[in-house]
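**Q**
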Amino acid sequence: MFETVKNLLVTFIPIFVAIDIFAVLPIFISITGDIADSERKTIVRQSIITALAVSLAFVALGEAVFKILGITVDDFKIAGGLVLLVIAVLDLIRYGGERRKVEDTVGVVPIGVPLIVGPAVLTTLIVLINHYGIVPTVISLVLNLFIVWASFVNAEKITTLIGKNGIVAISKIMAILLASIAVMMIRLGLQNVIK
2 MFETVKNLLV TFIPIFVAID IFAVLPIFIS ITGDIADSER KTIVRQSIIT
52 ALAVSLAFVA LGEAVFKILG ITVDDFKIAG GLVLLVIAVL DLIRYGGERR
102 KVEDTVGVVP IGVPLIVGPA VLTTLIVLIN HYGIVPTVIS LVLNLFIVWA
152 SFVNAEKITT LIGKNGIVAI SKIMAILLAS IAVMMIRLGL QNVIK
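Offset between the sequence shown (1-based) and our numbering: plus 1.
#1: Is lysine 196 helix, strand or coil when you go by DSSP?
#2: My output table needs one value for alanine 2: the three-state DSSP class, helix, strand or coil.
#3: May I ask you to report which of helix, strand or coil DSSP gives aspartate 35?
#4: Take the Cβ of aspartate 21 as the centre, count every other Cβ of all protein chains shown within 10 Å, and call the residue buried at 16 or more, exposed below.
#5: Kindly indicate which residue of Lys42, Leu126, Leu85 has the alpha-carbon position closest to the one of glutamate 64.
#6: Applying the 10 Å Cβ sphere with the 16-neighbour rule, what's the burial state of serine 172?
#7: Tell me whether the stretch 11-19 and the stretch 117-125 touch, counting them as touching only if at least three CB pairs, one residue from each stretch, are closer than 8 Å.
#8: Do you know offhand how far valine 184's Cα is from alanine 52's?
#9: For valine 118, which three-state DSSP category applies?
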């Protein structure tokens, strides 16, 4: 029982940090600010379904793609760690939302992908599955997507409560945590390659 709870916790936190709801939330508000509540609810539903579908597809097909390309999990840890590190550094030196550009469609792109599920989340999922297994990782993903859904539904209340500066500050802390996770991934990948 303790091992299960521990695995859920250690898979939940990196996914939470990778999604970085505090960077996503202001962008969501700016994209959906001028639309009716019924449309906003549809967009929230589409974005969560898209994020879940893309994540599960990547989880299901990621390993097969690795085999076809001759990529090991350690290669992915190193490359993914470098990508996460760059994303984290960019978030630290400028406002976190700037790296996620808004395009034409809203529900699926950009909110579902890449706002909720981008390279950071996909990289994190593969590494977590390799370390802790698919079940705790997928459960943690679903729990995190529930938090995203609840945050989107209550976006205006959260922004009023925390304030825009508070959201930016929390987003910067998340970027530092993401950088730390990235360094850990690079270190683990290099240790296994060097062995």
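Ideal Cβ placement from N, Cα and C applies to all residues, glycine included. Remember, predicted model here, so these are calculated numbers, not experimental data.
**A** On the basis of the coordinates in this document:
#1: Locating residue 196 in the sequence shown gives position 195, counting from the first residue. Assigned with DSSP and collapsed to three states, lysine 196 falls in coil, not helix or strand.
#2: Here the question's residue 2 lines up with position 1 in the sequence shown. One point to set straight first is that residue 2 is methionine, not alanine, in the sequence displayed. It is coil, neither helix nor strand.
#3: Here residue 35 corresponds to residue number 34 of the sequence shown, with the count starting at 1. Here aspartate 35 sits in coil by DSSP.
#4: What you label residue 21 is simply residue 20 of the sequence shown in a count that begins at 1. Taking all protein chains in view, the Cβ of aspartate 21 is crowded by 16 or more other Cβ atoms within 10 Å, so the residue is classified as buried.
#5: Position 63 of the sequence shown holds residue 64. Of Lys42, Leu126, Leu85, the residue nearest in Cα terms is Leu126.
#6: Sequence index remark: in the sequence shown, residue 172 carries index 171 (1-based). Counting Cβ neighbours within 10 Å, serine 172 comes out buried, since at least 16 surround it.
#7: Three or more Cβ pairs drawn from the stretch 11-19 and the stretch 117-125 lie within less than 8 Å of each other, which places the two stretches in contact.
#8: Working through the sequence shown from its first residue, we reach residue 184 at position 183. Working through the sequence shown from its first residue, we reach residue 52 at position 51. If you draw a straight line from the Cα of valine 184 to the Cα of alanine 52, it is about 25 Å long.
#9: The residue you call residue 118 lines up with position 117 of the sequence shown. Here valine 118 sits in coil by DSSP.
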